[in-house]
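For reference, the structure is listed below as structure tokens.
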Amino acid sequence: MISTKVNLGGLEMATPVATASGTFGYGFEYLGALDYTCLGAVTAKGIRLDPWPGNAMPRHAEVPGGLVNAIGLQGTGIDRFVDITVPHYMAQVKDAPPMIVNIWGGSVDEYAEVARRLTEAAATDECAAIKAIECNVSCPNVKEGGHTFGQDPAVLNRLVSAVRAKTTLPLIVKLAPNVPDMRPYVKACEDGGADALSMINTIPAMVIDIERRRPVLANVTGGLSGRGIHPAAVKLVYDAHRATKLPILAMGGVYEAKDAIEFFLAGATAVAVGTATFSDPSTARKVLDGITDYCERHGFSSVADLVGALE
Amino acid sequence: MISTKVNLGGLEMATPVATASGTFGYGFEYLGALDYTCLGAVTAKGIRLDPWPGNAMPRHAEVPGGLVNAIGLQGTGIDRFVDITVPHYMAQVKDAPPMIVNIWGGSVDEYAEVARRLTEAAATDECAAIKAIECNVSCPNVKEGGHTFGQDPAVLNRLVSAVRAKTTLPLIVKLAPNVPDMRPYVKACEDGGADALSMINTIPAMVIDIERRRPVLANVTGGLSGRGIHPAAVKLVYDAHRATKLPILAMGGVYEAKDAIEFFLAGATAVAVGTATFSDPSTARKVLDGITDYCERHGFSSVADLVGALE
Amino acid sequence: MLDAAAKALEHVEIGADYRRLVLEAPQLSAALAPGQFVHVRVPALETSALRRPFSVFDASEGRVTVLYKTVGRGTSALNGVKPGDVVKVLGPLGHGFPVECDGEALLVGGGYGVAPLHFLARALKTSGHRDVVAFIGGRTSSDLLAVDELRALGVDVRLATNDGSAGVKGLVTDPLDDELARLREEGRRFELFACGPDPMLKAVAMRANGTGAKGWISMDRHMICGVGACYACIQKTVRGNSRCCVEGPVFRAADLVWE
Amino acid sequence: MLDAAAKALEHVEIGADYRRLVLEAPQLSAALAPGQFVHVRVPALETSALRRPFSVFDASEGRVTVLYKTVGRGTSALNGVKPGDVVKVLGPLGHGFPVECDGEALLVGGGYGVAPLHFLARALKTSGHRDVVAFIGGRTSSDLLAVDELRALGVDVRLATNDGSAGVKGLVTDPLDDELARLREEGRRFELFACGPDPMLKAVAMRANGTGAKGWISMDRHMICGVGACYACIQKTVRGNSRCCVEGPVFRAADLVWE
Ligand SMILES: Cc1cc2nc3c(=O)[nH]c(=O)nc-3n(C[C@H](O)[C@H](O)[C@H](O)COP(=O)(O)OP(=O)(O)OC[C@H]3O[C@@H](n4cnc5c(N)ncnc54)[C@H](O)[C@@H]3O)c2cc1C
Ligand SMILES: Cc1cc2nc3c(=O)[nH]c(=O)nc-3n(C[C@H](O)[C@H](O)[C@H](O)COP(=O)(O)OP(=O)(O)OC[C@H]3O[C@@H](n4cnc5c(N)ncnc54)[C@H](O)[C@@H]3O)c2cc1C
Ligand SMILES: Cc1cc2nc3c(=O)[nH]c(=O)nc-3n(C[C@H](O)[C@H](O)[C@H](O)COP(=O)(O)O)c2cc1C
Ligand SMILES: Cc1cc2nc3c(=O)[nH]c(=O)nc-3n(C[C@H](O)[C@H](O)[C@H](O)COP(=O)(O)O)c2cc1C
Ligand code: FES
Ligand code: FES
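Residue numbers (my numbering), protein chains in the order written: chain A, 3 to 313; chain B, 3 to 313; chain C, 3 to 261; chain D, 3 to 261.
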């Protein structure tokens, strides 16, 4: 028996496979199409204080190797989230996997307040599934949104510190991929008291409808995800792992076990499946099975032993 | 008859389709497999002062949607380049398209000296094909190389100014894609006296051989190119075009006319075909034919009218 | 919801660009209701390609039938499916039509929009509803789908084409308006059920709202997940930005907000 | 060099994992010399996939034949090519073997490395060279390719397998060493021509260098462009980092630097 347990900065995961924020709704939408026992965690869609309408339509375009999206973080606000959504998730999903809540806001204070509310809720039975916070400082699709927070290490540090002050939950910070060097950002998170990092968010991108001579997305630009970004994600995880001891939740084009194992070897403690779920909802299951199979073949008794295990 | 002429910061191109540096050798290697009359320019492989051995093998890995390479700028030095390579190109290729010479170096002085030598050579009959310099400040594969130059706007400005001082040839600066914001880099080039920009270089990436638990590339990391990076490239060209009047030579996943037209509409004056040539050497021909066809269908009498022509 | 591995039983061209694909998927077939849709993985596309959503033309006897128009990359690739091939089909998805109707059921369909109306018509007929009239429109006669199948169900079918090659020359709302006038005159009740291109749907919704009748409008929005997880498929409604794939695809005409 | 649109004429399995693909490409066929290779676009792979390089097993009468082992994604996809399909084939590429030899021609091949040696053997025989001995090795008997074809050309064929299932049990260098000893005793001249896995090539090159005989070694390096444009396919030589695709694939044994 291969041990699949991992600890992501205090978040105990029964398996190293999670779902990526924004690709798995509020956790329950894929019931029936996926065997949830394979999931070490689900990550909820980005939540902020108040409800948010998101961008105009169209919000996505299919591209070779993936997807460009500009959903714009449409979401129910924190009230409805803790009152209805999380309890619903827990009621619907038997042995519900721990939930990582992805948060964002228009100001440092808003991030901190959302974190406070979640921490409060997590202490109640109705929302006990809430087990960690993922701070999204890198969504390319909301101008007012978190993007700028993730682009300046000093601002990032302030943000992480403020959120840290309001939560005892494991705090994961989700970083932007389009930087010349991960290190200052990693350090800003470390110094701010983050428990883990997650990467990568989508890569800024744009698709033009040449017949209409217009951007396909109403938001003009969006974020590239899926198969094609995987090699770029592996590089960033590798860089971050060499710069820090913080555990890393890696995502970006995980379609097969091979993709996840590359992430582990590059230094990730866990992986999240995102865009791949759209084409095959059972991706996470297949990925987990492939990981344990790999461990068996290579004589690893625990997935945790794969982390950073490059020769 | 559609006019296909464009002017890229002083470089007169008979068509808006060039080849990308490092994917088309020194210009003559694809003779026989491509009708060269479709080319507005060829870009030579990166050249520096002295010969350079490049990285150890393996130097590439195929990935979905493209390629990760770490050739490491192997190349003949400037002496051999002007004495033998360029004259050979001109002798071999009938009506040789203008050559853009991609340069790099370990110091600002080295860049400047290579530029000076090229400018001198370009004035001779034997090397008259040399018509522009492309300053590579963004190759992810050479540590000692240009990478750092492209990561700091101040350093970039110093580099561009120094090269500018040594050359009267059209000066194109090739920027890195992995930045949070193109604008400071664009401004550094403008202020330094660049005539044009080119983008994007490859995106830093890594591939791991999970069976051997080793990076596939001897250089550990490399650069991602090809189809999958196209939407990210379009976004960066769009951003740069809105930030400057400098003309842009766009590259990154041009496989079909559609890809090139997206670049024009986003603001590029010309495009370069890179990785696509490897799978289909006649890509540039097909791309040009598709562009003129599009112009006809949409009532554009000149390709130049497409530049930035988003509705 | 389940992701069925469905075997293709039949795949035939039905006029110009339209095809009928019959799949064997007993569990899914039993679970589907009229107006719901399925999300299909096109086998020939690369693994990273998105699924394609299709309404259900019919679900019975362990089979699920879709009727589709070849319009782009995905549907072209779908053409290659041969009997015996296995296709992954996620469903049942979304909220469909109510299978009940107060008064005459007026079904209004354009192009492949007829597909869910056929399933609805059969269900209404099966549940004993007598007065079902279908208004079917298209550019030309070859765009009028399922006419014979509907007639075989005992549905009163009225046709309209832009070029007059079949039925009334004009829009599908022309014969619909005639019928609405007649019903108003006779003081009879009715409900509207529609699926097709946006302008047609808007026209039908306006008529429902204008007459105070119930209107059930099936919207067609670009989708990613199909299950409510991604928020790509927004339709503006009185409740804000609603997801077409779970809050729809069938919306009440009164709830829709048109831009 | 040209990028021929070649029609597949024949595609057959020849033992375990090996296949022979015969293509119609008159211009290319006429231009190819032994030891050169072609760069093949595998039709079933996505457009962005790299080409795959293959040595030429034979080129005559307007045909180009390659013999390949199915080892991965590209070669598996190549299996699907059917007679009548069109395959893009770039060639002739690289520097091949000299078709002349001072003394006995000793051909040493392993696995699919026999392919270019067959083309060479035929050319040597055609040009009147009598003494051609081929040493063919493999893991097991099914890895020994083109044995009958070589014998039919009048080549003296010696076999070796690791498991002893055909020929000598051991390495291909075992029968080679016997022959080298005999030649030395008789004071006869010879040249070595080799293609196969790296360890075998190194062993042959060492023997050439050790005896002062000429050795012609065909190297197999991962390639991108195949034409000298990308510098992916490096082989270390006394001249530095040489490109296998243009300076090779056949190198002089004396020029190779082994790591
Ligand atoms: C709820 C629902 C039910 C549908 N029922 C049917 C049906 O019964 N028969 C039928 O022929 N078609 C139906 N469609 C439309 C069908 O999904 C599209 O025609 C199909 O996805 C086009 O794919 P493509 O790759 O051929 O086209 P492309 O234009 O190449 O597709 C590119 C992308 O756009 C999306 N897309 C393109 N057109 C549409 C569209 N009209 N609606 C939604 N997404 C689109 C595709 O899914 C894909 O992601 C339905 C759509 C929805 C949302
Ligand atoms: C000059 C030359 C001549 C060759 N002649 C033959 C021949 O006659 N018959 C034959 O069966 N094979 C030959 N090969 C090897 C053949 O090119 C590879 O087996 C083939 O490319 C493997 O592709 P794949 O996608 O199935 O394998 P994968 O391992 O899935 O390929 C992944 C990548 O690695 C490359 N690659 C993998 N193995 C090799 C290899 N051994 N050499 C070069 N690139 C490789 C592929 O081209 C591809 O880019 C030759 C190689 C070279 C360089
Ligand atoms: C439709 C969509 C919506 C997303 N929404 C969010 C979000 O709300 N918050 C966030 O941090 N990341 C969001 N992401 C990014 C993903 O969580 C993930 O980081 C990215 O898609 C890369 O992984 P993938 O290639 O496996 O999809 C979204 C991605 C997609 C495709
Ligand atoms: C094998 C290879 C070698 C390259 N060498 C260089 C180089 O020497 N100098 C440079 O500026 N860019 C180099 N590039 C980057 C390309 O010029 C181009 O910017 C990039 O590949 C994106 O375009 P593409 O997707 O069309 O290939 C190289 C790319 C590849 C694939
Ligand atoms: S398609 Fe994902 S929410 Fe509707
Ligand atoms: S494969 Fe490109 S130089 Fe040899």
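Glycine included, C-beta positions come from ideal geometry on N, C-alpha and C.
- Task: Identify the continuous beta strand (DSSP E) that holds Gly-23 of chain D and give its terminal residues.
- Result: Translated into the one-based positions of the fourth sequence, residue 23 of chain D becomes position 21. Reading off the sequence, residue 23 of chain D comes out as Leu, not Gly. Leu-23 of chain D: member of the beta strand (DSSP E) spanning 20-26, first to last residue.
- So what does DSSP say about Thr-279 of chain B, is it helix, strand or coil? Locating residue 279 of chain B in the second sequence gives position 277, where the first residue counts as 1. In the structure shown, Thr-279 of chain B adopts helical secondary structure according to DSSP, grouped into three states.
- When you check each C-beta in the segment 255-266 of chain B against every C-beta of chain A, which residues fall closer than 7 Å? Lys-260, Ile-263 and Glu-264
- So does Met-225 of chain D have its beta carbon nearer than 7 Å to some heavy atom of ligand 2? Residue numbering aside, residue 225 of chain D sits at position 223 when the fourth sequence is read from its first letter. Result yes, Cβ under 7 Å from ligand 2.
- Query: Exposed or buried, which one is Ser-31 of chain C when buried takes at least 16 other CB atoms within 10 Å?
  - Reply: By one-based count along the third sequence, residue 31 of chain C stands at place 29. Its Cβ being crowded by 16 or more others within 10 Å, Ser-31 of chain C is buried.
- Which residues of chain B have a Cβ atom closer than 9 Å to the Cβ of Thr-214 of chain A, listed in chain order? Counted from its first residue, the first sequence places residue 214 of chain A at position 212. Looking at the sequence itself, residue 214 of chain A is Arg, so the reference to Thr does not match. Per Cβ cutoff of 9 Å: Glu-313.
- Item | the segment 227-238 of chain C: positions lying closer than 9 Å to chain A by Cβ | Cys-227, Gly-228, Val-229, Gly-230, Ala-231, Cys-232, Tyr-233, Ala-234, Cys-235, Ile-236, Gln-237 and Lys-238
- Message: Check whether chain A comes within 8 Å of His-97 of chain C, counting only Cβ atoms and requiring the distance to be less than that.
- Response: Numbered from its first residue, the third sequence carries residue 97 of chain C at position 95. Under the Cβ criterion of 8 Å, His-97 of chain C is not counted among the residues facing chain A.
- Message: Strictly under 8 Å for the Cβ-Cβ distance: is His-224 of chain D near chain B by that measure?
- Response: Counted from its first residue, the fourth sequence places residue 224 of chain D at position 222. Closer than 8 Å to some Cβ of chain B, the Cβ of His-224 of chain D qualifies, so yes.
- Task: Quick one: grab the DSSP three-state call for Glu-146 of chain A.
- Result: Taking the first sequence and counting its residues from 1, one reaches residue 146 of chain A at position 144. Only weak support is given to the placement of Glu-146 of chain A: the predicted model assigns it a pLDDT of 49, under 50, and the value that follows is read from those uncertain coordinates. Coil, per DSSP.
- Query: When every heavy atom of ligand 4 is checked, does at least one fall within less than 7 Å of the C-beta of Met-92 of chain B?
  - Reply: Translated into positions along the second sequence, residue 92 of chain B becomes position 90. No - ligand 4 has no heavy atom lying nearer than 7 Å to the Cβ of Met-92 of chain B.
- Message: What does the Cβ neighbour count give for Glu-146 of chain A, buried or exposed, with the cut at 16 atoms within 10 Å?
- Response: Numbered from 1 along the first sequence, position 144 holds the residue referred to as residue 146 of chain A. Low local confidence applies: a pLDDT of 49 at Glu-146 of chain A is under 50, so the model's placement there is unreliable, and no value is given.
- Query: Taking only beta-carbon atoms, is Lys-237 of chain B less than 8 Å away from chain A?
  - Reply: As a position in the second sequence, residue 237 of chain B is number 235, starting the count at 1. So yes, Lys-237 of chain B belongs to the interface.
- DSSP puts Ile-80 of chain B in a beta bridge; with which residues? For the purposes of this step, residue 80 of chain B is identified with residue 78 of the second sequence, where counting begins at 1. The partner list for Ile-80 of chain B (beta bridge, DSSP) is empty, contrary to what the question assumes.
- Query: Distance, Cα to Cα, Pro-98 of chain A vs Val-252 of chain C?
  - Reply: Numbered from its first residue, the first sequence carries residue 98 of chain A at position 96. Numbered from its first residue, the third sequence carries residue 252 of chain C at position 250. Correcting the residue type first, residue 98 of chain A is Ala in the shown sequence and not Pro. Using only the alpha carbons, I get a separation of about 31 Å.
- Message: Is the separation between the beta-carbon of Thr-87 of chain B and that of Tyr-28 of chain B shorter than 8 Å?
- Response: As a first step, residue 87 of chain B must be located in the second sequence, where it is residue number 85. As a first step, residue 28 of chain B must be located in the second sequence, where it is residue number 26. In contact: Thr-87 of chain B and Tyr-28 of chain B (Cβ atoms closer than 8 Å).
- Message: Pull the bridge partners of His-97 of chain D from the DSSP assignment, please.
- Response: For the purposes of this step, residue 97 of chain D is identified with residue 95 of the fourth sequence, where counting begins at 1. According to DSSP, His-97 of chain D shares a beta bridge with D:Pro-251.
- Message: I believe Ala-196 of chain A touches Leu-248 of chain A by the beta-carbon criterion, under 8 Å. Please report the beta-carbon distance rounded to the nearest angstrom.
- Response: Position 194 of the first sequence holds residue 196 of chain A. Position 246 of the first sequence holds residue 248 of chain A. Yes, Ala-196 of chain A and Leu-248 of chain A are in contact; Cβ-Cβ is about 6 Å, under 8 Å.
- Message: Taking the straight line between their C-alpha atoms, what separation do you get for Arg-245 of chain C and Gly-255 of chain A?
- Response: Numbered from its first residue, the third sequence carries residue 245 of chain C at position 243. Numbered from its first residue, the first sequence carries residue 255 of chain A at position 253. If you take the alpha carbons of Arg-245 of chain C and Gly-255 of chain A, they lie about 25 Å apart.
- Task: Would you check if the distance between the CB atom of Leu-33 of chain B and the CB atom of Gln-94 of chain B is smaller than 8 Å?
- Result: Taking the second sequence and counting its residues from 1, the one referred to as residue 33 of chain B is at position 31. Taking the second sequence and counting its residues from 1, the one referred to as residue 94 of chain B is at position 92. Contact flag set, yes.
- Message: Three Cβ pairs or more, each shorter than 8 Å: is that satisfied between the segment 21-29 of chain D and the segment 65-85 of chain D?
- Response: yes
- Message: Would you say Met-3 of chain D lies against chain B (beta-carbon separation less than 8 Å)?
- Response: Indexing the fourth sequence from 1 puts residue 3 of chain D at position 1. Output row for Met-3 of chain D: interface = yes.
- Regarding Leu-80 of chain D and ligand 3, is the C-beta to nearest heavy atom distance less than 7 Å? For the purposes of this step, residue 80 of chain D is taken as residue 78 along the fourth sequence, with counting starting at 1. Answer for Leu-80 of chain D: no, Cβ out of range of ligand 3.
- Per the contact definition of three or more C-beta pairs closer than 8 Å, is the segment 193-211 of chain D in contact with the segment 173-181 of chain D? yes
- Would you tell me roughly how many angstroms separate the C-alpha atoms of Arg-264 of chain D and Pro-36 of chain D, rounded to the nearest one? With chain D running from 3 to 261 in the structure shown, residue 264 of chain D is simply not present.
- Among residues of its own chain, excluding the 5 on either side of Asp-5 of chain D, which ones have a beta-carbon nearer than 8 Å to its beta-carbon? Counting from 1 along the fourth sequence, the entry for residue 5 of chain D is found at position 3. Counting only residues of its own chain and dropping the five nearest sequence neighbours on each side, Asp-5 of chain D has a CB closer than 8 Å to the CB of Lys-90, Val-91 and Leu-92.
- Figure out for me which residue from C:Ile-138, C:Phe-121 and C:Val-110 has the closest Cα to the Cα of Leu-146 of chain C. In the third sequence, residue 146 of chain C corresponds to position 144, counting from 1. Taking each of C:Ile-138, C:Phe-121 and C:Val-110 in turn and checking the Cα distance to Leu-146 of chain C, the smallest one comes out for C:Ile-138.
- Message: Here's a check: name, in chain order, each residue in its chain whose Cβ is nearer than 6 Å to the Cβ of Asp-37 of chain A, leaving out the five neighbours to either side.
- Response: Taking the first residue of the first sequence as position 1, residue 37 of chain A is located at position 35. Correct list, in chain order: Arg-287.
- Message: For Arg-54 of chain C and Gly-140 of chain C, what's the separation of their Cα atoms in angstroms?
- Response: Numbered from its first residue, the third sequence carries residue 54 of chain C at position 52. Numbered from its first residue, the third sequence carries residue 140 of chain C at position 138. Straight-line Cα distance between these residues: approximately 23 Å.
- At 8 Å on the CB atoms, spell out the chain B contacts of Thr-223 of chain A, in chain order. Working through the first sequence from its first residue, we reach residue 223 of chain A at position 221. Under the 8 Å cutoff, chain B gives Lys-237 and Tyr-240.
- For Phe-35 of chain B, return the contacting residues in chain D, with the cut-off set at a CB-CB distance below 9 Å. Position 33 of the second sequence holds residue 35 of chain B. A small correction: the amino acid at residue 35 of chain B is Ala; Phe does not occupy that position in the sequence shown. The contacting residues are Met-3, Leu-4, Asp-5, Leu-92 and Val-229.
- Message: Which of the three DSSP states is assigned to Gly-269 of chain A in this structure?
- Response: As a working mapping, residue 269 of chain A is identified with position 267 in the first sequence. Reduced to three states, the DSSP call for Gly-269 of chain A is coil.
- Message: Helix, strand or coil for Asn-138 of chain A? Go by DSSP, reduced to three states.
- Response: In the first sequence, the residue the question calls residue 138 of chain A occupies position 136. Three-state DSSP puts Asn-138 of chain A in a strand.
- Query: In chain A, which residues lie with their C-beta within 8 Å of the C-beta of Gly-52 of chain C?
  - Reply: Taking the third sequence and counting its residues from 1, the one referred to as residue 52 of chain C is at position 50. Checking the displayed sequence, the identity of residue 52 of chain C turns out to be Leu instead of Gly. Correct list: Glu-64, Leu-69, Phe-280 and Ser-281.
- Message: Please tell me whether, using a cut-off of 7 Å, the distance from the CB of Thr-170 of chain A to the nearest non-hydrogen atom of ligand 4 is below it.
- Response: Your numbering for residue 170 of chain A matches position 168 in the first sequence. False, no ligand heavy atom lies under 7 Å from that Cβ.
- Message: Quick check on Thr-25 of chain A - is its C-beta less than 8 Å from some C-beta in chain C?
- Response: Residue 25 of chain A sits at position 23 when you count from the first residue of the first sequence. Interface residue, yes.
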